[in-house]
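*Asks:*
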Amino acid sequence: MDIWQFMVGIRWFLPFFLFILIISMNDKDLLRQLAYVSFGIMAMNLIMQLWQIGNIPSVWWGTWATIGETRLSTRNPGFFPLPVTSAMFTCFSTLFTFLVVKGLRIRLTLGFFCLVSVFLTMSGTGFCVALIILGTLLARKYWRILLPVIVPTSYVLTKIIISFFRGSHYFAQSLGTRQTVFSRNSEETDLLNFLAMWLDGSKLIDWFFSANFGLGTNGAVLLKNNLGIDIIAIATDSFLTQLVVNLGGFSLMIYLILMTSATLLAYISGSKVTVLWLFAIGIFSVTATITEAFPMFLLVIVAITYGIKNGDFLFRNKRLLK
Amino acid sequence: MIFRKNLIFDLDDKKLKFLFRWLLLLSIGLIPLWHIGELINILTTERGFRINQAALHTPLFLVIIKNLLVPAMVFVSFLLCFSRPFRLS
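Each protein sequence line maps, in turn, to chains Y and X. The working numbering puts the first residue of the first sequence at 4, with every later residue one more than the last. The working numbering puts the first residue of the second sequence at 6, with every later residue one more than the last.
Here it is as structure tokens:
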């Protein structure tokens, strides 16, 4: 294996190591300080976005997109290079602050600001997550009954609102691109071919265990494009695709099983913030590369390790542990 | 050998935790500084002009500091995590 490939692979895998390393040194003080810092950055990011609406010169991912005939910018990424990264930071920072702030009124205010900030980025993924956060908060103690309604409603609302501002083709284009990348990297685009692959043992092993560790990362793409290093980088654009490319299909299966069971456990035990965290991680992993997005991976790992250490990550008040 | 031994054992849990905490807080708290190049680009470029928002103006020393903070934090957490069994034995 090439040394560069190995290094970018380790960089991608780093948060999983951190998970083990920082669990012992994660306490309430660290959480509070980190919440203050991320809230400060979130507020500054929102101010920057508000300023950008009328002043952003352009965006690197395409033409200067404006709202209709106005000269107001559609996508405002704030401090971050990409709108989806900005939306991801806002959502995870809001959820991180929820770990420290318990009052409903403050949480609702934070949720509202989160929605405004995410709306300014025009990120569909972020908007859907922000709507789920706000909807769950508004449902108050009935959130468990209403969650099966809140999630699909948030999806439909996102589709309508974001398509209105970004064009009717937006959803098919945005999700379609990621699906194509995922299918291409899974080597089979057609369902029948995919099923045939399952019957063919050798192909199945190839899909289960990848030999491309490190190639499906942003790091590999940057090494190739910016430094001209001879490496076969695979553009992924999604954490799920990264799992398949870097580790193989088995890791995707483990991830899906872990996420589903964790969400169900947290839902049954009534751990609201954990359910929101897991939804946010799950939804963002479809359209963003979580482990390479700085500083979101740090916030995710600190929040999860703190929750696990204190026994309230999956089991609220340790009710099910007794 | 003596130097290496002292370096690890002189740094007790409290000092390492303090160092870890500050590295973590700095790496996140200084985000506006890490993106100073993009801010300069947005502030100085005319509206409607197509630019690469992420490419220009970030001083090299900031890029180096930014890319050293997280590995340093990981290294400190590594020290903190794996120096404990030594002490126990």
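Positions of the beta carbon are idealized from the N, C-alpha and C atoms, including for glycine. The model shown is predicted, which means the values in this text are computed figures rather than measured ones.
Does the stretch 220-237 of chain Y touch the stretch 10-25 of chain Y, meaning 3 or more C-beta pairs lie closer than 8 Å?
*Replies:* Yes, the stretch 10-25 of chain Y is in contact with the stretch 220-237 of chain Y.
*Asks:* If you follow the alpha helix (DSSP H) that Y/Arg110 is in, where does it begin and where does it stop?
*Replies:* Element bounds for Y/Arg110: Leu107 to Thr124.
*Asks:* Assuming Y/Phe339 is part of the alpha helix (DSSP H), what are its boundary residues?
*Replies:* With chain Y covering 4 to 325 only, the question about residue 339 of chain Y has no answer from this structure.
*Asks:* If you follow the alpha helix (DSSP H) that X/Leu85 is part of, which residue opens it and which one closes it?
*Replies:* Its alpha helix (DSSP H) spans residues Leu65 to Phe87.
*Asks:* In whole angstroms, give me the CA-to-CA distance for Y/Val40 and X/Ile70.
*Replies:* Rounded to whole angstroms, Y/Val40 to X/Ile70 spans 19 Å at the Cα level.
*Asks:* Rounding to the nearest angstrom, what Cα-Cα distance links Y/Phe167 and Y/Ile284 in this structure?
*Replies:* If I take the Cα positions, the gap works out to 26 Å.
*Asks:* Whose Cβ in chain X lies nearer than 7 Å to the Cβ of Y/Leu17?
*Replies:* Within 7 Å Cβ-Cβ: Val79.
*Asks:* Expressed to the nearest angstrom, what Euclidean distance is found between the alpha-carbon atoms of Y/Gly138 and Y/Ile153?
*Replies:* Each residue's alpha carbon lies about 6 Å from the other.
*Asks:* According to the Cβ coordinates, are Y/Leu250 and Y/Phe216 closer than 8 Å?
*Replies:* Yes, they are a contact pair.
*Asks:* Assuming Y/Gln52 and Y/Leu118 are in contact, meaning their beta carbons sit under 8 Å apart, how far apart are those beta carbons, in whole angstroms?
*Replies:* That belief does not hold up - the Cβ atoms of Y/Gln52 and Y/Leu118 are roughly 13 Å apart, past 8 Å.
*Asks:* Just to check my reading of the structure: Y/Leu134 and Y/Thr161 have Cβ atoms closer than 8 Å, yes? What is that Cβ distance to the nearest angstrom?
*Replies:* Yes, Y/Leu134 and Y/Thr161 are in contact; Cβ-Cβ is about 6 Å, under 8 Å.
*Asks:* Go ahead and pull the three-state DSSP assignment for Y/Thr294.
*Replies:* Looking at Y/Thr294 - three-state DSSP - the assignment turns out to be helix.
*Asks:* Give me the chain Y residues within the contact set of X/Pro37, using Cβ-Cβ distance strictly less than 8 Å, ordered along the chain.
*Replies:* By Cβ distance, chain Y contributes Ile44, Met47 and Phe82.
*Asks:* Use the C-beta contact count for Y/Ile76: other C-beta atoms within 10 angstroms, 16 or more gives buried, fewer gives exposed.
*Replies:* The question names Ile, but residue 76 of chain Y in the sequence shown is Ser. Result: buried.
*Asks:* Please look up how many angstroms separate the CB atoms of Y/Tyr270 and Y/Arg147, rounded, as I've assumed it's under 8 Å.
*Replies:* Going by Cβ atoms, the distance from Y/Tyr270 to Y/Arg147 rounds to 7 Å, so yes, they are a contact pair.
*Asks:* Who are Y/Ser76's beta bridge partners in DSSP?
*Replies:* Per DSSP, Y/Thr69.
*Asks:* For the alpha helix (DSSP H) holding Y/Leu102, just list the boundary residues, first then last.
*Replies:* Run containing Y/Leu102: none; DSSP gives neither H nor E here.
*Asks:* How would you list, in chain order, the residues of chain X whose beta-carbon sits under 8 Å from the beta-carbon of Y/Gln36?
*Replies:* Within 8 Å Cβ-Cβ: Arg26 and Leu30.
*Asks:* Indicate whether at least one CB of chain Y lies closer than 8 Å to the CB of X/Phe83.
*Replies:* Closer than 8 Å to some Cβ of chain Y, the Cβ of X/Phe83 qualifies, so yes.
*Asks:* Spatial neighbours of Y/Trp64 within its chain, please: CB distance less than 7 Å, with the 5 preceding and 5 following residues excluded, ordered by chain position.
*Replies:* With a pLDDT of 47 at Y/Trp64, under the threshold of 50, the predicted position of this residue should be treated as unreliable, and no value is reported.
*Asks:* Answer yes or no: does any C-beta atom of chain Y fall closer than 8 Å to that of X/Ile70?
*Replies:* Output row for X/Ile70: interface = no.
*Asks:* Going by Cα to Cα distance, which pick from X/His40, X/Val68, X/Leu21 and X/Ile33 is closest to Y/Gln36?
*Replies:* Checked all of X/His40, X/Val68, X/Leu21 and X/Ile33; the closest Cα to Y/Gln36 is X/Ile33.
*Asks:* Quick one: what's got a C-beta closer than 6 Å to Y/Ala38's C-beta in the same chain, skipping five residues either side?
*Replies:* Contacts found: Phe99, Thr100 and Val103.
*Asks:* Cβ closer than 8 Å: which chain Y residues qualify as neighbours of X/Lys22?
*Replies:* Simply Met28.
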